[in-house]
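Worksheet: the structure to be examined is printed underneath.
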Amino acid sequence: MKKDDIVTLKIEDFSTEGLGIGHSEGLTLFVKDTVIGDVAEVKVMKMKKTYGYARLLRILTPSPDRVEAPCPVARSCGGCQIQEMRYEAQLRFKEQKVRNNLQRIGGFTDPPMEPIIGMDNPFRYRNKAQFPISRDKNGKLIAGFYAGRTHTVIDYQDCLLGAKVNQTILDIVLNHMEKYHIQPYDEATGRGLVRHVMIRVSSEVLREENASGQIMVCVVINGSSLPESGRLVQALCAIPGMTSITLNINRERTNVIMGRQIKLLWGQEFIEDTIGKIRFRISPLSFYQVNPRQTEKLYGKALEYAGLTGQETVWDLYCGIGTISLFLAQKARVVYGVEIVPDAICDARQNAQLNHITNAEFFVGKAEEVLPEKYEKEGIHADVIVVDPPRKGCEQSVLDTMLKIRPERIVYVSCDSATLARDLKYLCTGGYELKKVCPTEMFANSCHVETVVLMSRNDTQ
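Residue 400 in this note's numbering sits at position 343 of the sequence shown; the count goes up by one each step and never skips.
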């Protein structure tokens, strides 16, 4: 097989990036815009030794799970990889993805899977969006999202995953830029002022209960100020629920969206949101789960797996701004959170005060350093350890620390089932048993899936 060959392909699976996977002549081909079950005619665009990439020419036989995407730019936008797949089939795919990784990477023959926790409505769930600002080929100011695997901006402001108010906000910002001749940032030259507009909303706004909701607008700029910012504030404040308007200063030649400096233009530097009974204060730089409806279910499952009776000492590693820690504190004797990012720990402590929670304490540092020190020098043990690491999974030193402390239960919350399977395998060799696995939908219409796992200490080993 070579470049420009045209072949017929049956799509059998998805890659982690949402590309359809099929096989021809013993080789694997990755094809964008296909759905599992499609039979497609494709053109080979690039070939490696054992795999290649192809472009969809036409669907010969559509998958029974293929649907028309509600979003008109679903194919070109890089945000939704599988919007053309029936939602029930998306859930089956994600559940099977977790099972396959546990079997193939973890070596678990028959993992104890619970049914995936899906959504009633897989749209209008994202409480955060970051819109790049650019110009199209005709020079028109635009906002939208990047096309898949590029930094070309797709002009579309009403993302169906986000809040409806986003479009109104972007229209105001773009009109302000046009009126006062403010240039968008150009990645190629490093010139121009406005890079992105970041919008955060509380859960009420997603439910379109704007009267009680809160909205944050943060304009990311390649400079120190925005011309006529007072007039922009005046226009934005006409939107019900507007709570926080800030500038974020990012002068770096980088594709990292946010800089470290925040300048308040109006209101306060944060909004507040509630998950379950816990209220959280969220600043422009805070990490906070983007799907509040499902976050409550995710954390509820983690709390269920922790099996707390009110007597336990719990450690929450990679605790961020304390979201899981404060959930756990409702049922634990004491919770200790550890996070390497100092600003996140400041947020966690503020969130504990906001909720009048006194049995949660937070430490800045590496989990593999803080936990042994507290254990060996202060005698603080752990009945339950909860981990919610980044996509790369836990550092081996963190896993070794958990095996040394030997809590009764480990609850692992993962955003990547491949690194999850790897880490579970390691913990099982150290005396733990895999008891429960529950995939949880957090990113509908994408290939990503969260997973909550319960492991129990096996004292017979």
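Glycine included, each C-beta is placed from N, C-alpha and C at the ideal position.
Item: Reference Glu169, options Val506, Glu98, Leu481 and Pro119, closest by Cα; Value: Residue 169 is actually Pro in this sequence, not Glu. The option with the nearest alpha carbon to Pro169 is Leu481.
Item: Extent of the continuous beta strand (DSSP E) to which Phe526 belongs; Value: The requested residue 526 is not part of the displayed model; the chain covers only 58 to 518.
Item: The segment 343-355 contacting the segment 496-508, beta-carbon criterion three pairs below 8 Å; Value: yes
Item: Residue environment, Glu266, which counts as buried when at least 16 other CB atoms sit within 10 Å; Value: exposed
Item: Same chain only: Cβ atoms within 7 Å of Glu490, ignoring 5 sequence neighbours per side; Value: Met512, Ser513 and Asn515
Item: Segment contact, 8 Å Cβ cut-off, at least three pairs: the segment 329-336 with the segment 247-261; Value: yes
Item: At least three beta-carbon pairs within less than 8 Å, the segment 132-145 to the segment 464-478; Value: no
Item: First and last residue of the uninterrupted beta strand (DSSP E) at Thr370; Value: Thr370 to Leu374
Item: Inter-residue spacing [alpha-carbon to alpha-carbon] between Arg161 and Val494; Value: 15 Å
Item: Own chain, CB closer than 7 Å to Thr73, minus 5 neighbours either side, in chain order; Value: Cys504
Item: Alpha-carbon spacing of Gly109 relative to Met102, whole angstroms; Value: 8 Å
Item: CA nearest to the CA of Val276, picked from Ile68, Leu293, Cys137 and Pro172; Value: Leu293
Item: Close Cβ partners of Gln214 (< 8 Å) along its chain, the five nearest in sequence each way excluded; Value: Phe188, Ala200, Gly201, Asn223, Gln224, Leu227 and Asp228
Item: For Lys106, the nearest candidate out of Gly487, Glu82 and Leu198 (CA to CA); Value: Glu82
Item: Boundaries (first-last residue) of the beta strand (DSSP E) holding Ala417; Value: Ala417 to Val421
Item: CA-to-CA distance, Pro119 to Thr85, given in whole angstroms; Value: 20 Å
Item: Cβ-Cβ separation, Asn279 to Tyr237 (assumed contact under 8 Å), whole Å; Value: About 16 Å; that fails the 8 Å criterion.
Item: Nearest-angstrom Cα separation, counted from Asn416 out to Val427; Value: 18 Å
Item: The segment 123-139 / the segment 439-457 touching (three or more Cβ pairs under 8 Å); Value: no
Item: For His80 and Lys89, the rounded distance between their alpha carbons; Value: 14 Å
Item: C-alpha gap between Thr209 and Ser191, whole angstroms; Value: 9 Å
Item: Buried versus exposed call for Gly379 [16 or more other C-beta atoms within 10 Å across all chains shown]; Value: buried
Item: Contacting residues, own chain, Cβ-Cβ under 7 Å from Glu369 (five flanking each side not counted); Value: Ala389, Arg390, Asp440 and Val441
Item: Nonlocal neighbours in the same chain, by C-beta distance under 6 Å from Lys510, ignoring five residues either side; Value: Before going further, note that residue 510 is Val rather than Lys in the sequence given. The answer, listed in chain order, is Tyr469 and Val494.
Item: Own chain, CB closer than 8 Å to Ile93, minus 5 neighbours either side, in chain order; Value: Ile68, Glu69, Asp70, Phe71, Gly77, Ser120, Asp122, Met142, Ala146 and Phe150
Item: Rounded straight-line distance, which links the Cα of Gln318 to that of Glu285; Value: 20 Å
Item: Rounded separation between Ile296 and Leu322 - CA only; Value: 16 Å
Item: Length-filtered (4 minimum) alpha helix (DSSP H) runs lying within the segment 77-133; Value: none
Item: Opening and closing residue of the alpha helix (DSSP H) in which Glu465 lies; Value: Where Glu465 is concerned, there is no enclosing alpha helix (DSSP H), given that its DSSP letter is neither H nor E.
Item: Where Gly394 sits in the DSSP three-state scheme; Value: strand
Item: Chain-order list of residues whose beta-carbon lies under 7 Å from that of Cys485 (same chain, five-residue window excluded); Value: Leu491
Item: Cβ pair Gly422, Ala405 closer than 7 Å; Value: no
Item: Pairwise C-alpha distance: Cys216 and Pro129; Value: 10 Å
Item: Cβ neighbours of Val506 in the same chain (closer than 6 Å, five flanking residues each side left out); Value: Lys151 and Pro496
Item: Simplified DSSP state of His238, which is helix, strand or coil; Value: coil
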